[in-house]
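Numbering-wise, the sequence shown is residues 1 to 374 according to UniProt numbering. By construction, the Cβ of each residue, glycine as well, lies at the ideal position given by its N, Cα and C atoms. To keep things clear, I will list the structure first and then write my remarks on it.
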Amino acid sequence: EESAEDAFFVADLGEVTRQHQQWKALLPRIEPFYAVKSNPDQMILRTLAAHGTGFDCASKDEIQMALAQGVPASRIIYANPCKQASHIRHAAVVGVTMMTFDNADELHKIRLHHPSAKMILRILTDDSRSVCKLGVKFGAHIGVVPQLLQTAKDLEVDVIGISFHVGSGCFDASAFGEAVVLARKAFDIGTEYGFDFSLLDVGGGFPSNNVDGVTFRDIAAILGPTVERLFDPSIRVIAEPGRYYCNSAYTLAVNIVARRMVPRDMTQSSAPPPVVVDSAPNSNDDNPAYMYYINDGMYGSFNCITFDHAVVYPKVLARDSHFFFRKTTGAQEYSCSIWGPTCDSIDCMGKDFSLPEMQVGDWLYFENMGAYTM
């Protein structure tokens, strides 16, 4: 078949379930609302809906995806502080009431388009210890919280709680604890302005189970006790995990569609080489390097390298008609670079890999490819 060589994903939905079980064991008080943006595959949405999770949606389309799985509107939070007016109206029509905001103009839009909404004020916290910093775009400084709450009060918009986000891919567990302390201050300000807050949203930034360094268990050991210490059991606490659920559940398989044998230093250099060695396997070069061209790239599934700062590692799936998934080939390895299918020179997954000599038609795979790849 023509599609037999196409790149493809394999999803282990059991991994999604295992991640959910771990969440419930380590953070039993905090309700997970899956961040649909991280991976909107309907199979993962269906799996998490069956487990009773909520859904963090950032657009009209994501709200519709969650509703299509039979998720009630009460289990959806429209967690985008800056929303299109027509999307706000759509949320009102389908009954989604929980929404975030971080500026006064948003409150005026809510007053006009969805006056019965239950608003959650997103505050700015320290996201310097994360891979993807979101504070440059979203979050109200604690100093402007009083003005925003006064505006909400004047407009008769109901604010029910506080949210924050320590940044995507947070690598310091203490950042969560510090953010909860700041949220407590915002709660106290709310009381001063006559609001009876009932919800705390601790956002996202939780790692999947494949990370080096900080683990979900490390974060839970700080986040859980801090929430218990600062917030009465009557306060509902939710979170917005995305990559935590989906990243380690997805593996991408790609086909090698072309290759070149090159001088060893060329794979790591952007300068044009003086000589390109013939790609014949019987080259006299005792230590060759290779450029492999695959049928997915930076404009496809590997966009996560650009937009999510992902670091990917190729492994041999099939070589010379032998299957090596999660096995070693035992063959000598050579320096190589891996390139995508477009004509753009930035379509490169990396220039400093090490693999056995591969042939056109062989397969590679990349694990931990479930987050921000689709």
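Query                                                                                                        : Result
Nearest to L27 (by Cα), restricted to the options A91, D362, I219 and I189                                   : I219
Cα-Cα separation between I30 and D362, rounded to whole angstroms                                            : 45 Å
Bridge partners - E106, DSSP secondary structure assignment                                                  : Answer by DSSP bridge pairing: none, since E106 is not bridged.
Proximity winner among V227, W23, L149 and A239, relative to I77 (alpha-carbon distances)                    : A239
Rounded C-alpha distance that separates P356 from F197                                                       : 59 Å
Between the CA atoms of I162 and V262 - distance to the nearest angstrom                                     : 56 Å
P356, enclosing beta strand (DSSP E) - first and last residue                                                : C348 to P356
The region 109-120 / the region 147-161 touching (three or more Cβ pairs under 8 Å)                          : yes
Opposing strand residues paired with L252 [DSSP bridges]                                                     : F9 and F366
Exposed unless 16 or more other CB atoms sit within 10 angstroms - verdict on P281                           : Confidence at P281 is low in this model, with a pLDDT of 47, below 50, so the placement of that residue is unreliable and no value is reported for it.
Inter-residue CB distance, Y293 and P225 (contact presumed, cutoff 8 Å)                                      : Not confirmed; about 51 Å, so no contact.
Rounded straight-line distance, which links the Cα of S301 to that of A253                                   : 11 Å
Other residues of its chain near V10: CB distance less than 6 Å, five sequence neighbours each side excluded : T251
Run of the beta strand (DSSP E) containing C304, from where it starts to where it stops                      : Careful: C304 lies outside any beta strand (DSSP E), inside the alpha helix (DSSP H) at N303 to F307.
Which listed residue (R229, I189, E333 and T215) has its alpha carbon closest to that of E178                : R229
Limits of the unbroken beta strand (DSSP E) element including P32                                            : E31 to A35
Given F8 as reference, the closest of S86, D56 and L317 once Cα atoms are compared                           : L317
Residue burial classification, D352 (beta-carbon count within 10 angstroms, cutoff 16)                       : exposed
Buried versus exposed, by CB contacts within 10 Å (16 or more), K327                                         : exposed
DSSP three-state assignment for L27, whether helix, strand or coil                                           : coil
Bridge partner(s) assigned by DSSP for I338                                                                  : Y292 and G350
Within 8 Å, strictly: CB atoms of A186 and I120                                                              : no
Beta-carbon proximity of K315 to Y245, cut-off 8 Å                                                           : no
Host beta strand (DSSP E) of D201 (start-end)                                                                : L199 to D201
8 Å contact criterion, which Y372 and S38 should meet: CB distance rounded                                   : 6 Å
Residue range of the beta strand (DSSP E) that includes R236                                                 : R236 to A239
DSSP three-state assignment for V277, whether helix, strand or coil                                          : Unreliable positioning characterises V277 in this predicted model, as indicated by a pLDDT of 47, which lies under 50. The coordinate reading is nonetheless provided below. Three-state DSSP puts V277 in coil, outside helix and strand.
Exposed unless 16 or more other CB atoms sit within 10 angstroms - verdict on F307                           : exposed
Buried or exposed by the 16-neighbour rule on C-beta atoms within 10 Å, applied to A68                       : exposed
Q19 classed as buried or exposed, judged by whether at least 16 other C-beta atoms fall within 10 angstroms  : buried
Closest residue to S174 among S74, G95, F206 and S335 (Cα-Cα distance)                                       : F206
Burial state of Y290 (16 or more Cβ within 10 Å)                                                             : buried
Terminal residues of the alpha helix (DSSP H) in which S74 lies                                              : Note, S74: premise wrong, no alpha helix (DSSP H); not H, not E.
For R236, the nearest candidate out of R243, G242 and V227 (CA to CA)                                        : V227
Exposure label - R319; buried when at least 16 CB within 10 Å                                                : buried
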